[in-house]
Structure formats: structure tokens, C-alpha cells
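One structure below.
There are 2 protein chains.
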Amino acid sequence: MVDDRKLAVLRAIVEDYVSTNEPVGSKALADRHNLGVSPATIRNDMAVLEEQGYIAQPHTSAGRVPTDKGYRLFVDRLSQVKPLSSAERKAIESFLAGAVDIDDVVMRTVRLLAQLTRQVAVVQYPTLTNSAVRHVELVPLSEHRLMFVLITNTGRVEQRVVELPEVADEQRVAHLRAVLNTSLDGCGLSGVPDRVADLPERLSPEDRPLAATILSVLLESLVEKHDEKIVFAGAANLAGADFTVGLRDVLEALEEQVVLMRLLGETSDLSALTVRIGSENPYTGLQGTSIVAAGYGSGDKQLARLGVLGPTRMDYPVTMGAVRAVARYVSQILAAS
Amino acid sequence: MVDDRKLAVLRAIVEDYVSTNEPVGSKALADRHNLGVSPATIRNDMAVLEEQGYIAQPHTSAGRVPTDKGYRLFVDRLSQVKPLSSAERKAIESFLAGAVDIDDVVMRTVRLLAQLTRQVAVVQYPTLTNSAVRHVELVPLSEHRLMFVLITNTGRVEQRVVELPEVADEQRVAHLRAVLNTSLDGCGLSGVPDRVADLPERLSPEDRPLAATILSVLLESLVEKHDEKIVFAGAANLAGADFTVGLRDVLEALEEQVVLMRLLGETSDLSALTVRIGSENPYTGLQGTSIVAAGYGSGDKQLARLGVLGPTRMDYPVTMGAVRAVARYVSQILAAS
DNA sequence: ACTTGGCACTCGGGAACACAGAGTGCCAGA
DNA sequence: TCTGGCACTCTGTGTTCCCGAGTGCCAAGT
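Here is the structure:
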């Protein structure tokens, strides 16, 4: 049904279309690729491919263009991820190595990825879900206010200013700090609510209102930051590509955290590349775009995802290579810190 | 030389052009504004205005379009900042009030401003320069590593992981923490280098290497974060407006922190509005754009700047009103926290 | 000294049109 | 099953033409 030569034709169409951005005809194919057959034969194959929905022609008597289904087949069976050159690897490594904190890592990553792929890069901040409490700090700001700081083993720092219901002297704060730290140290964030549930009861009665206030802020910060932060870069790269759908829609999607979140998708499998092509992606405003995403993490735990967004007409092998490589390097960096 | 009627004509031209986005001719002016004179008279005035460089015609026999110089005159002498409606004020207030930390404040501000003006909003993070140390925290991560956290009175938190030259037990860390806090508490960041200069000498010899390492990281973090962080939002609003210069250049400029920094400019005067029109701005890639910026801060100190960027053909009174209002509200929020 | 109506002139943008070129589908023959 | 040939169908481009908006200038009016 789909014999080898037809697949070769499809591959050739995808490659040519990606590089020229113009519908590709039978003659051009016969010239540029040595398929060993005449244009007429190729035409026949193309007719079949079109009937099966892998390619389409924008109008009668124009060349063929891959459909989403065609790209899908190309990605799944006709291409292989293209590894980066060693120069590129070196560049990545040295660029990421200079990062000083988690914000810096994310920022550098997203810029790097955008530059590398010449597309829009999207990076999700490492999730708190899988991290554990490294330290809790209470810093008195005034008699009635203190700053609550939560440091996780993934290097992230959460902070909140807490209005206190009563005056808290340094000693009581110190006590509470000690209690919090001993009871939470190393505890996974998901386990925090359980651990602190009975905490007020273990304290002397006069400390309870204070503790309750702080705990409520703590719990609140856990759920609030659960909808994760996402950043993007490389929007300028959109300017060149012309989308079937308006540029505006794409930019709007990029500024909607929730949409981005869903675009990156989720896979349990760390290091697996996800490719969403055109209509496969869950957001109607982005029909003409594809997303290539991968998870990253430290050790074996997936912390978050990153990827790039570009026109469906993109160079999948190269893009996938870049995304995979960057995901790996970020994982390394995070594991080391 | 520039009598009142000519100014009225210029104002009318700016207003019409802003609202229609089409070169405006003498007849249209006479119709839409009741200037009390005939089109022919207006033509004469327009000829003079053109000679003086306030307006220009895209081609012979088209209407007139304001030049940068024309907009400048309009902004300086022919318009007044338009205050927001009370509904808008309420919306701003309630939207900003929900912010939980400094990141949240900045994020909400930039989105708010983008939505309000339907343009690209740019917000600079509050500078550290004018803030003071509220608390320094040292959190041991392992025997050889600790996390250094600096909390400022502006609510910002800086963090660094420090590799230690030697094993540091909890006691030594605690001691160092105490020393740091007593010597730095309330100290302006610019004064920190002076204060810590002689600090190692006041410690026992065995603590000095440890202290030196931490101090070097501290000082480094001060200068590094000195080039401030800037965020933007509302890029989607660029999609509608057509720039004389490519959209790509604008997007590129937006992703360059340094460029943004210079665009926002600096004025000592808090609460003064800065307007940079087209060629007035220091970046050649942004010829067709204007920037409206204002400073914000807590109390009387200017902490940073915020503003919007849009086509030179923008509604200056409204935009200026929005920028000024948002700057004020953010200042309030920051002063309160 | 301005203002005004009239008038000739200019030029951009849209409509109509033709045409070359690329590409297809199909068919008959190898 | 492949191939060459051939008629057909489009799109994109270049050309021409014309309408209309808008101007500049001038002479007359206030």
C-alpha cells in the first residue's frame, strides 16, 4: 500500500518544501533527488499520496504540500533526530555553565534554545511538586510582619510576606523556625500538608495563632505556585515565518501561561520527545504551528518541560535534535547544583 | 510664526491621523473639525506647517501625516494627559492589590499596562541600588555548600549557591550569619562593600577563608544584578499595528534587556513622564516607535521605570494617562508592603 | 493682509486583461 | 509497472487605464 518509493517521495517533498517554502512539483523532485524514476511516475505516486491524505495541493496545478498527516508520517518513520555538531554542543555547555541561580538557568536555556532553533523557545520552571523542603526561614520585618522563605532542594526560593495577628518577638519566631525546620526538613512538598496538620497541637497554646497564620501562608504558597511559571523567548523569529493563522494569535497564545502549559503537554517518560503537529495540538488558535517538546529533570525525576514552537513547516530532525540536546544539558546542570 | 490656528490645524491632523491611520487632507479637516475656515485656508496653513517640518506628505497629492517633530509639538503643547475613568482606576487597583510578592507585582503590572494601553508594556524590576539589607541568611546545603540568601527592604530576594573551600559546621555558619546580619542590617546596598571590607579581620583566623568566600559571592551578586531585569508583555498588540520598520526589529529590541533599559531612559524626577518619539529614541531599529515611560518607587525614592512602546502614531494623551496612573498605583503598592 | 473659490495637475491604487510558466491528469505504448 | 507526450488549468505577474482625492497656485473678495 505504501511502498518504499512512495515514502521516499513523501520524504523528498517534506524536505524540499521545508527548505524552499514553495509547493513542490514532480519535475523538481525528479531533478533534485535521484529517485531513479521519471516525473510521470512520481506524479502517479503523488496522486496516491494525496488520496491517502499525506499531501495536498493549494490549488489545482500547483505543486504539492505536506499535510499534518504527512508531517506526522515523516516524523514517525522517515526521519531521524539529527545530532548537534560538536561546536554547538560546546556552545550549549559553556553558555549554560555560567548560570548562577535557577532563574538564570531558565533564562539562559530559553534564549539558547531560541537562538539554536531560530524559533520560539518555551521553558517551564522546574516544578515544586517533586522537590523537597531544604530549609524554612522566618525573617522578622517588623513587630507585625515577617517574611517567610521556603528553599527547596531544586534551588527554588519561595517568599511571602506574612501579616501577623499579634506581636511576635524574636524568641518565639526562632522557636517556630526551629520547629518548622525539624518537622519539614527533607519532606517532599506534596507531603507538607500532612506533616504540618497536627503541628499547632504540638505547640504551646500561646504560639498557636502565630503558627496557624504562618502555616496557612505556607500551604497557600504551595498550591498557588503549583500552576507553574513559563517563559518564552525568540518571538522575533516568528516575524520571518508566515503563518496560515495570524501572527497575533500565536503571540497571544505565547502570553497565556495556561495555553503554553497545555502545549508543552505531559509525558511521564523523561527524555522522550513529544511532537505536536498543526491540528494535533490542543489550541485552535495555533493551527499552523508545531511544537517539539521534551522533559528535563535532575536525576530520574522529570521536573518540567521545555520545547520550541514554530510553523508546521519546520526542520523537524534538526529542531528535535536541538530540543533533546538542550533538555539533556539542562538536566545535567540541575543535577549538579 | 506659529499662530493659534496653525496649531489647531496640527492638533486636528494628529488626532485624525491617530484615529484613522490615513493621511488627512484639507477637506476632511474642514469637515470634521469646525475650524471656521475653508479648506483652501487650511491648505495654506498646512503648506507652512510642512515647510517648518511638522507634517509631511507620503507622496505628492496625498494628505498630510505628522512628523516626529509634529508629534513632539503636539505632546508638549497641544495635548494634556487624559485621566483614566474611575472604572479603570478601580480595575487597576483591584488587579494590583492581589499580588503576593515582588515577582507577582511586576508581572501583574506589565500585563495590566499592556491590556490598558493595547500596546507593548515594559516594566523594570525595582532596582537594588536604593534598597537596604533586611536580612542575610546562610543555609547549609551540604558540608561543602551553602545557600546564601539576601533579603532587601524592597522585598526582593537574591540567592546564590556557594561552594565552600572547607567544611563548615553549623556552629561556624551560625556565627558568620550573626556577624553578617549585625554588621549589614539596614545598610544600603551601595554601602555594603565598605561595611564588609574589614570584616574578615574582625574574625578569628580560622573563619577567614570561609568568610572571604561568602563575601566574594555577596559582592559579586551585588554588581551582577545591577544590570536590572526587565520584562515585557503585550507583544500580540504589535501584530495589528504596521510599522514602517519591520516587526522583527521591534521584537528583537524587546528581547534585548540592554536596549529596553536604554529605551526606558532615566530621569531623576519621579512621576515625570518621559516621551520618546520615533527618531528621538536611542535605538536605530525602532524608528517608527514611540516610548512613554515613567518612574515608580516607594516613598520618594525612584526604584525603577515602566512604560509602553507603540507606533509613533499612538494616542499620546490616553497612553500617558495610563502609564502615569499605573506608575502611581504600583508605587502605592510597593510603599505599602 | 488674509481668506476664498476655482482650476489644472499629480499620483496612488484598483480593475481589467493578457500571458507565460509550472504543474497536473490521463492515455497509449514500451 | 513505468514513461513520454499532450492538452488543460491554474496562479502570479506585468501592463494599461482610469478614477478620485488631494495639492498648489492664482485672482478676486473682504
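Residue numbers (full-length UniProt numbering), protein chains in the order written: chain U, 1 to 337; chain P, 1 to 337. Quick reminder that beta carbons are idealized off the backbone N, C-alpha and C, glycines included. Just so you know, these numbers come straight off a predicted model, no measurement behind them.
Below-8 Å beta-carbon distance, residue i vs any chain P residue
| i | result |
| --- | --- |
| residue 135/U | yes |
| residue 248/U | yes |
| residue 321/U | no |
Interface residues of chain U facing residue i [CB-CB closer than 9 Å]
| i | result |
| --- | --- |
| residue 160/P | 100, 101 |
Within chain U, partners of residue i - CB distance below 7 Å
| i | result |
| --- | --- |
| residue 151/P | 139, 147 |
| residue 251/P | 235, 236, 239 |
Secondary structure of residue i, DSSP reduced to three states
| i | result |
| --- | --- |
| residue 262/P | helix |
| residue 332/U | helix |
| residue 274/U | strand |
| residue 83/P | coil |
| residue 233/U | strand |
| residue 267/U | coil |
| residue 1/P | For residue 1/P, the pLDDT reaches just 45, beneath the cut-off of 50, and the residue's location in the model is therefore unreliable, although a value from the coordinates is still provided. Coil. |
| residue 28/P | helix |
| residue 53/P | coil |
| residue 287/P | coil |
| residue 48/P | helix |
| residue 22/U | coil |
| residue 306/U | strand |
| residue 37/U | coil |
| residue 282/P | coil |
| residue 298/P | strand |
| residue 88/P | helix |
| residue 14/P | helix |
| residue 317/U | helix |
| residue 160/P | strand |
Neighbour list for residue i in chain P, Cβ cutoff strictly below 7 Å
| i | result |
| --- | --- |
| residue 240/U | 248 |
8 Å Cβ cutoff, residue i in contact with chain U
| i | result |
| --- | --- |
| residue 278/P | no |
| residue 255/P | yes |
| residue 157/P | yes |
Beta-carbon separation (whole angstroms), residue i vs residue j, contact threshold 8 Å
| i | j | result |
| --- | --- | --- |
| residue 316/P | residue 74/P | 7 Å |
| residue 124/P | residue 306/P | 6 Å |
| residue 145/U | residue 166/U | Residue 145/U to residue 166/U, Cβ: 12 Å. No contact. |
| residue 141/U | residue 262/P | In fact, because the Cβ distance is near 34 Å, the residues do not count as touching under 8 Å. |
| residue 295/P | residue 327/P | 7 Å |
| residue 136/U | residue 177/U | 7 Å |
| residue 310/U | residue 289/U | 7 Å |
| residue 200/P | residue 212/P | 6 Å |
The ligand COA heavy atom lying under 7 Å from the CB of residue i
| i | result |
| --- | --- |
| residue 185/U | With respect to small molecules bound, the structure shown includes none, and the ligand COA cannot be examined in it. |
- Can you check the segment 104-154 of chain U for any beta strand (DSSP E) of at least 3 residues that lies completely inside it and give the ranges in chain order? 120-124, 133-140, 145-152
- Query: What beta strand (DSSP E) runs, 3 residues minimum, are completely inside the segment 167-237 of chain U?
  - Reply: 230-233
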